[in-house]
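Chains as they are written, first to last, in this note's numbering: chain A, 1 to 269; chain B, 1001 to 1274.
C-beta atoms are modelled at their ideal positions from N, C-alpha and C, and glycine is treated no differently.
These notes are about the structure you will find just below.
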Amino acid sequence: MKSIKYLLLRRITQISILVLYIGANVYGWNILTGTFGASMLFGIIPLADPYNVLQVFATGFVLATDVLIGALIITLFYFVIGGRAFCSWVCPINMVTDFANWLRRKLNLDKEEVNYRFLKRSARYWIMIVGILVSAVVGVSAFELVSPITIMQRGVIFGFGMGWALIVGILLFDLFGVKNGWCGHLCPLGATYSIIGAKSIIRVKHDHEACTNCMNCKVVCPENQVLSMINKESISVTSGECTNCGRCIDVCDDDALGFNIRDFKTGGK
Amino acid sequence: MKDSNNRRNFMVTSLQSIGLATLGGALWSGYSDGVKASPLVLRPPGALREEDFLKACIKCGLCAEACRNRDTNIDKETGEPRDSTLKMAKGGDSILIGTPYFIPTEVPCFMCDDIPCVPVCPSGALDMKSLLNDKEEMDINKSRMGLAVVHKESCIAFWGIQCDACYRACPLLDVAITLEYQKNDRTGKHAFLLPVVQDSACTGCGLCEQACVTEKPAIFVLPNDIAKGKAGDHYVKGWDAKDQERVKDAKEINTKDERSEKSPTDYLNMEVEY
């Protein structure tokens, strides 16, 4: 039945994580310190952004073990629960782009399907690779210079400076430019997590028998190419591009979608 | 027919993608290279040389958080933490975004004994080893964040006015800044007490810059790469036995070029060409 269960849970998770980070700087809390680049959980468990680590690796600098272990922990975590769960459950930009999407629906901006010849959803994988190459050439983590994710996160922890302009830019781009433009087409971190979580255990499963073909799920899905099985087959979403956000489950009137454990016997379906 | 069309389409799309990726990559590189070039910035203690630091820093902010939340930073009157020395560069700061830095005139480095900012660095951008002293203990006096430089013309001590604000503010009192006594010939009966920064001891903490009484500080910290010159390997201190070691095995080199053909007088009489 229609609900906002997962939406609410995600907002609570996203905001709680930000609050913990802010508290670490402002009040000296020792629960989750640092930023997404690298963090410390309870002061002992290192966490690090695997794409950031790849970029530093490309510059030729040999990182200290703390960060390497941190990147490994994060990679394993999202390998299991679905890489892009980061995007929908943790990343603060998700709130911005979800807001843009919501506005698009309210303002009826989605009526016309526009086909952008050069801006395919595969662009993010190219950007991911180019980001690593640029890091190697220039000798500095290239995506970190322009990443709205960490700019927004550092913004709320340490102050925005001019960084807010980039966040507004992303909002406008997603609202009036390309639908799901940033998260669904450009973001190389999302691309990295798509690859990491391609074989994840937690998946959305579709029940073809219960589906009434209302397409509510496809309207609300930020990566609706992954829902190709709707009203066709009773299988799981297999694409790593699914963000496990659970919005499709929320909006489904027929209980035809739900989180499930990937069935490895049938080749992940 | 259809097959060859598909192949053609694939080729065209691939080439377009590669072209766009190259163009994007070139623009991205240009931008990144531009924002990297901000040499006038002071980094936390133990920071690697700027070039390596920019590679290594993962922009996590753990050093800045440790700096802000150190025990000694609690304001005794309000019980609240004060502004921290280390700030994280924001958009528009003209410092590589997300990297830690400090501005002495705002908040200098107070050179905490326990150095809270360095051990928390997870990436190795702040290097603990560079701060170890002979006893293998971390020693903040080993840090080289920059070098204080005195501008004589605006320093009132050089005018003959009695001022030792920087000398007193220096945490390495009479070591990193010493006073040089000179006779003031203008008055004939007073002394100049001139501040002199000792490169061998100055950590670049910036306490002197903050303490300086002039409108714009006459003593200020510059990054080492900017503040320091380099004599080059070919200058040897002949009076220094250790330095002399460097040329122990040196062989005589005779350079013959166009100029060696002329006599030294020709060279001395030659006008300088601009």
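Query: Ordered along the chain, which non-local residues of its own chain (more than five positions away) have a Cβ less than 8 Å from that of B:Asp1132?; Result: A quick correction: the sequence has Leu, not Asp, at residue 1132 of chain B. So the list reads Met1138, Asp1139 and Lys1142, once near-sequence residues are dropped.
Query: Work out the CA separation of A:Asp98 and A:Gly268 for me, nearest whole Å.; Result: Residue confidence for A:Gly268 is low, a pLDDT of 47 falling below 50, so the modelled location carries little weight; the figure read from the coordinates is stated next. Approximately 29 Å, taken between the alpha carbons.
Query: Could you work out which residue in A:Leu107, A:Gly82 and A:Ser122 is closest to B:Ser1014 when comparing CA atoms only?; Result: A:Ser122
Query: Look at B:Ser1038 and B:Ser1094 and say whether their C-beta atoms are less than 8 Å apart.; Result: yes
Query: Is it true that the CB of A:Pro50 sits closer than 8 Å to the CB of A:Thr192?; Result: yes
Query: Take B:Cys1208 and list the residues in its own chain whose beta-carbon comes closer than 7 Å to its own, dropping the five residues that flank it on each side.; Result: Ala1148, Cys1166, Ala1169, Cys1170, Ile1177 and Ile1219
Query: According to DSSP, which residues form a beta bridge with B:Leu1194?; Result: B:Glu1180
Query: Considering only the beta carbon of each residue, do A:Gly240 and A:Gly83 sit closer than 8 Å?; Result: yes
Query: So, with DSSP's three-state summary, where would you put A:Asn260?; Result: strand
Query: What is the DSSP secondary structure of A:Leu63, reduced to helix, strand or coil?; Result: coil
Query: What does DSSP give as the partner residue(s) for A:Ser270 in the beta ladder?; Result: Here chain A has residues from 1 to 269 only, and residue 270 of chain A is not among them.
Query: To the nearest angstrom, report how far apart B:Gly1025 and B:Lys1055 are at their CA atoms.; Result: 18 Å
Query: Once you ignore the five residues that flank A:Gln306 on each side, which residues in its own chain have a CB closer than 8 Å to its CB?; Result: Chain A is shown from 1 up to 269; residue 306 of chain A falls before or after that span and cannot be answered.
Query: Taking B:Asp1174 as the reference, give the member of B:Leu1194, B:Trp1159, B:Lys1189 and B:His1190 with the closest Cα.; Result: B:Leu1194
Query: Using 8 Å as the Cβ pair cut-off and three pairs as the minimum, do the segment 15-24 of chain A and the segment 152-160 of chain A touch?; Result: yes
Query: Are the segment 1059-1070 of chain B and the segment 25-41 of chain A touching by the rule of at least three beta carbon pairs closer than 8 Å?; Result: yes
Query: Going by beta-carbon coordinates alone, are A:Val204 and A:Leu257 separated by less than 8 Å?; Result: yes
Query: If contact is defined by three or more beta carbon pairs under 8 Å, each pair taking one atom from either stretch, is the segment 56-67 of chain A in contact with the segment 173-193 of chain A?; Result: no
Query: Between the alpha carbons of A:Lys5 and A:Phe160, how many angstroms are there, rounded?; Result: 31 Å
Query: Are the C-beta atoms of A:Pro92 and some chain B residue less than 8 Å apart?; Result: no
Query: Which partner residues does A:Ile202 have in the DSSP bridge list?; Result: A:Ile261
Query: Name the chain B residues that come within less than 7 Å of A:Ala191, Cβ to Cβ?; Result: Result: empty, since nearest Cβ-Cβ is about 13 Å, beyond 7 Å.
Query: At 8 Å on the CB atoms, spell out the chain B contacts of A:Met40, in chain order.; Result: Leu1062, Val1120 and Pro1122
Query: Got a sec? Which residues, its chain only, sit under 8 Å from A:Ser236 by beta carbon, not counting five neighbours each side?; Result: Arg203, Val204, Lys205, His206, Asn260, Arg262, Asp263, Gly268 and Lys269
Query: For the putative contact between B:Arg1144 and B:Gly1206, defined by C-beta atoms under 8 Å, what is the C-beta separation to the nearest angstrom?; Result: Going by Cβ atoms, the distance from B:Arg1144 to B:Gly1206 rounds to 13 Å, so no, they are not a contact pair.
Query: Could you tell me the distance, in whole angstroms, from the CA atom of A:Ile44 to the CA atom of B:Ala1241?; Result: 50 Å
Query: Hey, how far is the Cα of A:Ala64 from the Cα of B:Glu1051?; Result: 17 Å
Query: Fully enclosed by the segment 192-247 of chain A, which alpha helix (DSSP H) runs are 4 residues long or longer?; Result: 216-220
Query: Taking DSSP as the reference, what is the three-state secondary structure of B:Pro1223?; Result: coil
Query: According to DSSP, what are the bridge partners of B:Ser1138?; Result: Reading off the sequence, residue 1138 of chain B comes out as Met, not Ser. Answer by DSSP bridge pairing, in chain order: B:Leu1132.
Query: Are any of the Cβ atoms in chain C nearer than 8 Å to that of B:Trp1028?; Result: Reference to chain C is not applicable here, since the protein chains of this structure are A and B.
Query: Considering only C-alpha positions, which residue in the set A:Leu41, A:Thr243 and A:Ile249 is nearest to A:Cys214?; Result: A:Ile249
Query: So who's on the other strand from B:Lys1087, going by DSSP bridges?; Result: B:Tyr1101
Query: Give a yes or no on whether the minimum CB-CB distance between B:Lys1055 and chain A is below 8 Å.; Result: yes
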